Amino acid sequence: MKSKNIRKKLSFIIPIAILLLLSLLNMYGASFISNLYKTNLARQSVWIMIGIAVSFVIYKIDYRVIKKYSMPLFLIGLFSLLLVLFFGVNINGATSWFRIKSVSFQPSELFKFFYIIFIAGIIAKSKNRDLKLFIKVMFLSFIPCFLIFLEPDTGVVLMYLLMLFGLLCESKIPWKYTFFIISSGVLFLIIFFVLYFYQSNLFIELFGTSFFYRIDRILSFSDASSYQLGNALIGIGASGLMGFGLKSSKIYIPEVTTDFAFDLTILNFGSIMGIVVVFLYTFILWMLFKEIKLCKKEEDKLVLSGIFYMMLFQVLEHILMNLGLTPITGITLPFLSYGGSSLISYFMLFGLVLKITTNNSSYN
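Heads up: the sequence shown runs through residues 295 to 658, numbered per my numbering.
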């Protein structure tokens, strides 16, 4: 059993370690693109060390302690999402960050950990999988999504919705409730985009000018009018199989270390490394999917399912966005993109994954 647990750990740790190494090399390569990225390597190194320490603590701590304090931590997280709207700093058009001197952190990223444990616990403890439970879960999920939407950070809202979808998939709550919500959401989107494209004045009156231009920026991928996307596609086309190398000058792409980390990998190492990155994420997701099927404890299964669907969406959206196939939502790539909050949030979640998948009591 001990050797089996070691193999489980390594099946996650090795691909993640490769992605982290690539991330550091990318930060070094980005410093030759612009002076804006000169400090990214040092900062990313610090975030990775902090993330490893946090992940280790979560792996070692008694899971019962985490679950015991899930409600107060959830409430503290909600309070932080409210506070950031009033006292946060605006970065790239979103008031999503607290800044203490030179250090910034994003509460919506760190809140993922507490959200998924709290909601999974509520579902697992419920004896009846009925409409009452469904409404309760939807209400508790709506509050953080609404607060994050107000920042505004549409990409993070989508990640929470995918976590919610994963939780509902494994909850045994009747699908008719979920289908109703999805159908309502689709109907809302149809009306939303009809107004956007054909009744722009009414759209602005209802949602405001700033929101109209935010949607306009997101949808700019469809006609390649985005300067950011245009440069990204030029860079990919010129990189070839082996890329430009780390020390060579490369085309400037705004936010290349975060929103366009996949393209940065291709710029530095070529399309071959892009394929390797896709394989690494596919392997991690496949291992997560296997563990969901093997897991016997419902609460653990719920947590793993939520993480799986969120990561699947995040990886797909980031890569397709970088290739100009989906809207530019500002979603980062787990373990590869630069950033403290998003990186540490995934270290927290995968500390939890390692705890669940190597816990003998979860597989009876």
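Heads up, the beta-carbon is just placed ideally off N, CA and C, and yes, glycines get one too.
The model shown is predicted, which means the values in this text are computed figures rather than measured ones.
{"Item": "Beta-ladder partner(s) of residue 392, from DSSP", "Value": "399"}
{"Item": "Beta bridge counterpart(s) of residue 385 as assigned by DSSP", "Value": "388"}
{"Item": "Rounded separation between residue 576 and residue 475 - CA only", "Value": "29 Å"}
{"Item": "The segment 409 to 419 in contact with the segment 587 to 598 per 3-pair CB rule at 8 Å", "Value": "yes"}
{"Item": "Same chain only: Cβ atoms within 8 Å of residue 645, ignoring 5 sequence neighbours per side", "Value": "348, 349, 350, 351, 352 and 353"}
{"Item": "Spatial neighbours of residue 544 in its chain, beta-carbon cut-off 6 Å, leaving aside the 5 residues before and after", "Value": "327, 538 and 561"}
{"Item": "CB-CB length for residue 457 against residue 410, believed under 8 Å", "Value": "6 Å"}
{"Item": "DSSP state of residue 592 mapped onto helix, strand, coil", "Value": "helix"}
{"Item": "Run of the alpha helix (DSSP H) containing residue 260, from where it starts to where it stops", "Value": "The structure shown does not extend to residue 260, since the chain spans only 295 to 658, so no value can be given for it."}
{"Item": "Whole-Å CB distance - residue 552 paired with residue 631, under 8 Å assumed", "Value": "5 Å"}
{"Item": "Own chain, CB closer than 7 Å to residue 656, minus 5 neighbours either side, in chain order", "Value": "Bear in mind that the predicted position of residue 656 carries a pLDDT of just 43, short of 50, making it too unreliable to give a figure here."}
{"Item": "Unbroken alpha helix (DSSP H) run spanning residue 359, endpoints", "Value": "357 to 362"}
{"Item": "The segment 396 to 406 in contact with the segment 371 to 379 per 3-pair CB rule at 8 Å", "Value": "yes"}
{"Item": "Test item: CB-CB of residue 460 and residue 602 under 7 Å", "Value": "yes"}
{"Item": "Candidates 425, 608, 567 and 358: closest to residue 621 by CA position", "Value": "608"}
{"Item": "Spatial neighbours of residue 444 in its chain, beta-carbon cut-off 7 Å, leaving aside the 5 residues before and after", "Value": "379"}
{"Item": "Exposure of residue 385, with buried meaning 16 or more beta-carbon neighbours within 10 Å", "Value": "exposed"}
{"Item": "Option nearest residue 338 by Cα separation, candidates 329, 320 and 423", "Value": "320"}
{"Item": "Separation of residue 376 from residue 393, as counted between CA atoms", "Value": "15 Å"}
{"Item": "Per-residue DSSP class, three states only, for residue 466", "Value": "coil"}
{"Item": "Reduced DSSP category for residue 536 - H, G, I as helix; E, B as strand; rest coil", "Value": "coil"}
{"Item": "Outcome for residue 466 when other beta-carbon atoms lying within 10 angstroms are tallied against a minimum of 16", "Value": "exposed"}
{"Item": "Straight-line Cα distance separating residue 494 from residue 586", "Value": "45 Å"}
{"Item": "Identity of the residue in 578, 618, 648 and 547 nearest residue 329 by Cα", "Value": "547"}
{"Item": "Whole beta strand (DSSP E) elements within the segment 584 to 638, 3-residue minimum", "Value": "none"}
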